[in-house]
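S.K.:
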Amino acid sequence: MPFGIYVHVPFCASRCGYCDFNTYTATELGNSVTRDTFHQVLIEEIRYARGIAGDREVDTVFFGGGTPTLLEADALNEILAVIREEFGLSEGAEVTTEANPDSVDATKLGALREGGFTRISLGMQSSAANVLRVLERTHTPGSSSAMAKAARSVGFEHVNLDLIYGTPGETDDDLRRSLDEVLDAGVDHVSAYSLIVEQGTPLARKVARGEVAEPDDDVAAGRYELVDAVLRDAGFTWYEVSNWAKPGGECRHNLAYWRNTDWWGIGPGAHSHIAGERWWNHKHPATYAEALGQGGSPAADREVLTPEQVQTESVMLGVRLAEGLPVSSIPASSRTAAAVLVGRGLLNGEALLAGRIQLTDSGRLLADGVVRELLG
Amino acid sequence: MPVQQPGATDPSVIRNFCIIAHIDHGKSTLADRMLQETGVVDPRQMRAQYLDRMDIERERGITIKSQAVRLPFVAADGVEYVLNMIDTPGHVDFTYEVSRSLAACEGAILLVDAAQGIEAQTLANLYLALENDLMIVPVLNKIDLPAAQPEKYAAELARIIGCDPSDVLLTSAKTGLGVKDVLQRVVETVPAPIGNADAPPRAMIFDSVYDTYRGVVTYVRVVDGRIGTREKVEMMSTGAIHELLEVGIISPEPIVCKGLGVGEVGYLITGVKDVRQSRVGDTITSAQKGATESLGGYADPKPMVYSGLYPIDGSDYPELRDALDKLKLNDAALVYEPETSLALGFGFRCGFLGLLHMEIVRERLEREANLDLISTAPNVIYRLIDETGNEMIVTNPSEFPNQRIAHIFEPVVKATIILPTEFVGTVMELCQQRRGTMLGMDYLSEDRVELRYTVPMAEIVFDFFDQLKSKTRGYASLDYELTGEEESDLVKVDILLHGDAVDAFSAIVHRDKAMAYGTMMTAKLKELIPRQQFEVPIQAAIGSRVITRETIRAIRKDVLAKCYGGDISRKRKLLEKQKEGKKRMKMVGRVEVPQEAFIAALSTSDAPGAKK
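So the sequence lines, in the order shown, correspond to chains A and B. Position one of the first sequence corresponds to residue 1363 (my numbering), numbered consecutively onward. Position one of the second sequence corresponds to residue -1 (my numbering), numbered consecutively onward.
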């Protein structure tokens, strides 16, 4: 079974209005935890993890956040070096970092490539200035594709651009222009997410106050179809509900989540899943650092999954993938439901006959409903 | 100690009377004052509205069950009289019970709010009292109110009952002003009861109440002869024989006595556990050498309005059954039988005397058995005759046949509405819309009118009272009595979800109103039912003919955009929660409908509030 490591860097230069991730804009977080030295705390957990997980070569590493590239390239490279030193990286391992167009340049990208990173994921979101404003993104239109090109020029074979569609105020043409920019950048991977108004975010408050219109699901559905059509024409294939790649461009680290394999999450608030157990770390960097400093686990809580929960998760995750999951993964009592879903055009009938649960194109937008029916 | 002892009171000093009043006109307060005035209740022990026992009664300010209180009163002539005050229910649903209470009396106090004048139900009960040859004592209450208009309303009362305005007594039950004069007037004008002390005993049951500890407590008025403890008595309607375990009077706490004689009012306990074994209106005689002729006037209570009652939580069904069984012990008019609804699960089809009765039953079930209930829209009883001449009674839209029906009859009522003249136009329009036929109109005073209409009862049952109140800013009052049936062009409108009829929403309506009902229900359901993976038509149909249609568009997006490592536990928990929630989903064919949607669709067209 492949083994992945996720590294959470909980810092951002500024907070985007829609974001509910565990991230902080301050550089000093109390308890002598600072952004400049935080990579040392992360390294502490890697060494701790090595003690628990034992000998396991790492197939994928993913630096997410937050904005990992707010840390110096040296710091990021040092973390990766410790992973390599403690666990070892398997042949052809995938090492991704998320990056914000504001926080990297060609030099920094070059240094990361040098340090062993193989993949860059850039948060572009949109090329429409009005959309970026609603999202409270600070980068300028065009900077993402420029940075993607820079990444390719310093030797990154795999580059992803993230898009957000369905933002209030966005038009179909805005989205088409964003997609043009993506295609122009020459990346091999695109993630496109419909805007979710998360509770407790500034965006949610604006929606509640009526300052920003509520995103419309029907509009989002149309936009999804637009994204899919444009990317398909450009030689991309969807491999997960919100992810498209050129052949060989799939993100192996993320596939591990959907295939429900093992990974260790390093960093505040990071989740881990190993051998049927899930746990998650203390969210606040200071609390997290304190737990590690005392030599213990930084986990805030954990759960050992029951067979039924494992099944629920496998179905909920596997359905999202183009490859789907074997019919044997769904409860036996749901076989009829699967047939009914074929009848409704949401599951692929031929695949079902061949023993797999696979969404049809129209099933993708209703995947959660499909999951509910398959779980009875 | 009163001089006159129960069982040994000369009928000439007995005065049996009741109080006819509208809710909020001060009947309970006046009754309380009379208890104080005659000294049977210590002022310190006085509990506001002593005679209204049940919480619901107190809260709604209405009296559901009557009681009889014996009051010793020394009149101006120095003689101690026995005044039996028989409390009457004050609502249209309980007309039969009112009529039995009136039959136990020789006189009635007509109590009217001096700031509001007489109301329709009071008027109806007054007519009932006059038909029973009761002597009327007109009283205007609340004369201490700044808004009181005693001259105006005294003239109104005088015109209605045919007396002189100066005969109308003025009181304030709140302050006690004039209460003694009322008692004195009762002694002077209400005739003493007349009966044959030597004849076989005959006593009329005017109320029957179930008590957890004592079983059924039966309230009677003795007409002839005498009844006493340890005697065996016969219920003349059924021939059932019971032993009198206890006989007593209420003053206002129960006082056991050896017996009751001519003209006296009191209670009996026989040990029966169900009010159906001791029915209001029945005549009691002795088991041996008893009377051969009953006092007459007995009638079985007949449900007029039917509705389905369902527990919101399906697992509460056994509790609902037990609660109904218990309630039935104290409510001879309540009928019910199990019913299954596609939409609402297991419940009961219940028959009620009317809307208030329905509301009271539902509230008592919810309160006393701690149940959450949903009721289907109430309907009346229909009589159908098919083409072969067979008759069929329909109390539930689901029984309404789809094949051709030769004749359909629906119950009609005579509705009496009293209202200020300024609203006459609006109310006539409302009655017109509700298929009413005007019978007449009278001016009670310069600015108050009595309107009389024949209206199908189904129209009254369907939020008529709410409409009346809102169109007259609360100034109109309504009374109605069943007068018979009329042939009507009625149809059953079914509501279909994706082609499947939803039983709880079927309704029997006049053909001209089928479209309006269909449009209203389909629009409402479109709002309430979540979008499904496929398009769902909502149709209203008469038989196989669709008359209106709405469409719930298929859901286009039902997928969370992101699901990465940190989202998995949260998302799984959400799924588990949704799975729980799915248990509260009802399947109508392929359509998944949250039970809340059914509840919301039914409760917005709720029965008219009972507060009148």
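Beta carbons are placed, not taken as given, at the ideal position from N, Cα and C, and that holds for glycine.
1. How is the beta strand (DSSP E) around P309 (chain B) delimited, first residue to last?
2. Excluding sequence positions up to five away, which residues of its chain have a Cβ less than 7 angstroms from the Cβ of E1498 (chain A)?
3. I'd like to know whether the C-beta of G564 (chain B) is nearer than 7 angstroms to at least one C-beta of chain A.
4. Report yes if the CB atom of P1430 (chain A) is closer than 7 angstroms to the CB atom of V1371 (chain A), and no otherwise.
5. Roughly how far, in whole angstroms, is the beta-carbon of P528 (chain B) from the beta-carbon of H496 (chain B), given that I think they are within contact range, below 8 angstroms?
6. Measure from the C-beta of V1371 (chain A) to each C-beta in chain B and report whether the shortest distance is under 7 angstroms.
7. Under 8 angstroms between beta-carbons, which chain B residues line up against R1726 (chain A)? List them in chain order, please.
8. Can you list, in chain order, the residues of the segment 1594 to 1606 of chain A whose Cβ is nearer than 8 angstroms to any Cβ on chain B?
9. Rounding to the nearest angstrom, what Cα-Cα distance links G176 (chain B) and A73 (chain B) in this structure?
10. With DSSP as the reference, please indicate the residues paired to I134 (chain B) in a beta bridge.
11. Mind checking which residues open and close the beta strand (DSSP E) that includes L363 (chain B)?
12. Whose CA, out of B:P87, B:E485 and B:K569, lies closest to the CA of A559 (chain B)?
13. For chain B, find out if any of its Cβ atoms is closer than 7 angstroms to the Cβ of G1731 (chain A); answer yes or no.
14. If you reduce the DSSP assignment to three classes, tell me which class K230 (chain B) lands in.
15. Who are the near neighbours of V1549 (chain A) in its chain, counting only those whose CB is closer than 7 angstroms to its CB and skipping five residues on each side?
16. With a threshold of 7 angstroms on Cβ separation, who are the neighbours of T1722 (chain A) within its own chain once the five nearest residues in sequence on each side are excluded?
17. Examine chain B for any beta-carbon lying closer than 7 angstroms to the beta-carbon of E1652 (chain A), and answer yes or no.
18. Check whether the segment 550 to 564 of chain B touches the segment 1727 to 1734 of chain A, counting contact only when three or more Cβ pairs, one atom from each stretch, lie closer than 8 angstroms.
19. Could you tell me which chain A residues have their CB closer than 7 angstroms to the CB of R554 (chain B), listed as they occur along the chain?
20. Would you list the residues sitting across from S206 (chain B) in a DSSP beta bridge?
21. If you count every other CB in all the chains shown that lies within 10 Å of the CB of A77 (chain B), and 16 or more means buried, which is it?
22. For P191 (chain B), collect the residues of the same chain with a Cβ closer than 7 angstroms to its Cβ; drop the 5 residues on either side in sequence, then sort them by chain order.
23. If contacts are defined as beta-carbon pairs under 8 angstroms, then L1654 (chain A) and P1660 (chain A) qualify, I think. What distance do you get, rounded to the angstrom?
24. When the Cα atoms are used, what is the spatial distance from D1535 (chain A) to I1526 (chain A)?
25. Output the distance between the C-alpha atoms of T290 (chain B) and T281 (chain B), rounded to the nearest integer angstrom.
26. Which word fits T613 (chain B), buried or exposed, when buried means at least 16 other C-beta atoms lie within 10 angstroms of its C-beta?
27. Looking only at its own chain, which residues have a Cβ that is under 8 angstroms from the Cβ of P399 (chain B), when we skip the five neighbours before and after it?
28. Since P1609 (chain A) and P1577 (chain A) are thought to touch, with beta carbons under 8 angstroms apart, how far apart are those beta carbons, to the nearest angstrom?
29. Whole-angstrom Cβ separation of I16 (chain B) and D85 (chain B), contact assumed at under 8 angstroms?
30. Taking 7 angstroms as the threshold (beta carbon to beta carbon), is T1674 (chain A) in contact with chain B?
31. Which residue comes first and which comes last in the beta strand (DSSP E) that contains P1503 (chain A)?
32. Could you compute how far the alpha carbon of S373 (chain B) sits from the alpha carbon of F503 (chain B)?
33. Check whether chain A comes within 7 angstroms of K581 (chain B), counting only Cβ atoms and requiring the distance to be less than that.
34. Under the DSSP definition of a beta bridge, which residues are partnered with L167 (chain B)?
35. I want to know whether the segment 105 to 117 of chain B touches the segment 129 to 140 of chain B - three or more CB-CB distances under 8 angstroms.
36. When DSSP labels each residue in this structure, what does H240 (chain B) get in the three-state scheme?
M.R.: On the basis of the supplied data:
1. Taking the first residue of the second sequence as 1, we reach residue 309 (chain B) at position 311. V303 to P309 is the span of the beta strand (DSSP E), which, as asked, contains P309 (chain B).
2. By 1-based counting over the first sequence, the position of residue 1498 (chain A) is 136. The residues are C1378 and G1379.
3. Within the second sequence, numbered from 1, the residue matching residue 564 (chain B) stands at position 566. With 7 angstroms as the cut-off, G564 (chain B) counts as an interface residue toward chain A.
4. Locating residue 1430 (chain A) in the first sequence gives position 68, where the first residue counts as 1. Locating residue 1371 (chain A) in the first sequence gives position 9, where the first residue counts as 1. Yes, Cβ-Cβ distance for P1430 (chain A) and V1371 (chain A) is below 7 angstroms.
5. By 1-based counting over the second sequence, the position of residue 528 (chain B) is 530. By 1-based counting over the second sequence, the position of residue 496 (chain B) is 498. Between H496 (chain B) and P528 (chain B) the Cβ distance is about 13 angstroms, and since that is not below 8 angstroms, they are no contact.
6. For this step, residue 1371 (chain A) is matched to residue 9 along the first sequence. Not an interface residue.
7. Translated into positions along the first sequence, residue 1726 (chain A) becomes position 364. Going along chain B in sequence order, the residues near R1726 (chain A) (Cβ under 8 angstroms) are V557.
8. V1603 and S1604
9. Residue numbering aside, residue 176 (chain B) sits at position 178 when the second sequence is read from its first letter. Residue numbering aside, residue 73 (chain B) sits at position 75 when the second sequence is read from its first letter. Using only the alpha carbons, I get a separation of about 14 angstroms.
10. For the purposes of this step, residue 134 (chain B) is taken as residue 136 along the second sequence, with counting starting at 1. For I134 (chain B), which the question treats as bridged, DSSP gives the partners B:A106.
11. By one-based count along the second sequence, residue 363 (chain B) stands at place 365. Careful: L363 (chain B) lies outside any beta strand (DSSP E), inside the alpha helix (DSSP H) at L353 to E366.
12. The sequence position of residue 559 (chain B) within the second sequence is 561, counting from 1. Selected option, being the one with the closest Cα: B:K569.
13. Counted from its first residue, the first sequence places residue 1731 (chain A) at position 369. True, the Cβ-Cβ gap to chain B drops below 7 angstroms.
14. Position 232 of the second sequence holds residue 230 (chain B). Strand, per DSSP.
15. By one-based count along the first sequence, residue 1549 (chain A) stands at place 187. Result list for V1549 (chain A): A1510, V1521, N1522 and L1523, in chain order.
16. The sequence position of residue 1722 (chain A) within the first sequence is 360, counting from 1. Only G1707, L1708, L1709 and N1710 meet the Cβ criterion.
17. Taking the first residue of the first sequence as position 1, residue 1652 (chain A) is located at position 290. False, the Cβ-Cβ gap to chain B never drops below 7 angstroms.
18. yes
19. Within the second sequence, numbered from 1, the residue matching residue 554 (chain B) stands at position 556. Neighbours of R554 (chain B) on chain A, chain order: D1579, D1580, A1583 and L1727.
20. For the purposes of this step, residue 206 (chain B) is taken as the residue at position 208 of the second sequence. Answer is B:T216, bridged to S206 (chain B).
21. Locating residue 77 (chain B) in the second sequence gives position 79, where the first residue counts as 1. Position check: residue 77 (chain B) holds Val in this sequence, whereas Ala was assumed. When all chains shown are included, V77 (chain B) counts as exposed.
22. Residue mapping note: residue 191 (chain B) aligns to position 193 of the second sequence, counting from 1. Around P191 (chain B): P9, I12, N14, E104, V260 and G261.
23. Walking along the first sequence from the start, residue 1654 (chain A) turns up at place 292. Walking along the first sequence from the start, residue 1660 (chain A) turns up at place 298. That pair is a contact at about 5 angstroms.
24. Counting from 1 along the first sequence, the entry for residue 1535 (chain A) is found at position 173. Counting from 1 along the first sequence, the entry for residue 1526 (chain A) is found at position 164. C-alpha separation (whole angstroms): 14 angstroms.
25. Counted from its first residue, the second sequence places residue 290 (chain B) at position 292. Counted from its first residue, the second sequence places residue 281 (chain B) at position 283. Going from the Cα of T290 (chain B) to the Cα of T281 (chain B) covers about 11 angstroms.
26. What the structure shows of chain B is the stretch from -1 to 610, and residue 613 (chain B) is not part of that stretch, so it cannot be assessed.
27. For this step, residue 399 (chain B) is matched to residue 401 along the second sequence. These residues qualify, in order along the chain: L382, D384 and M390.
28. Looking up residue 1609 (chain A) in the first sequence gives position 247. Looking up residue 1577 (chain A) in the first sequence gives position 215. Not really, about 32 angstroms apart at Cβ, beyond 8 angstroms.
29. Position 18 of the second sequence, counting from 1, holds the residue named residue 16 (chain B). Position 87 of the second sequence, counting from 1, holds the residue named residue 85 (chain B). Looking at the sequence provided, one finds Cys at residue 16 (chain B) rather than Ile. With 8 angstroms as the limit, C16 (chain B) and D85 (chain B) qualify as a contact, their Cβ atoms being about 7 angstroms apart.
30. Indexing the first sequence from 1 puts residue 1674 (chain A) at position 312. Yes - at least one Cβ of chain B is within 7 angstroms of the one on T1674 (chain A).
31. Stepping through the first sequence from its first residue, residue 1503 (chain A) is reached at position 141. P1503 (chain A) -> no beta strand (DSSP E), and no H or E assigned at all.
32. To locate residue 373 (chain B), count along the second sequence from 1; it is residue 375. To locate residue 503 (chain B), count along the second sequence from 1; it is residue 505. Those two C-alpha atoms are separated by around 11 angstroms.
33. What you label residue 581 (chain B) is simply residue 583 of the second sequence in a count that begins at 1. No, K581 (chain B) lies away from the interface with chain A (no Cβ there is under 7 angstroms from its Cβ).
34. For this step, residue 167 (chain B) is matched to residue 169 along the second sequence. L167 (chain B) pairs with B:V137.
35. yes
36. Locating residue 240 (chain B) in the second sequence gives position 242, where the first residue counts as 1. Three-state result, H240 (chain B): strand.
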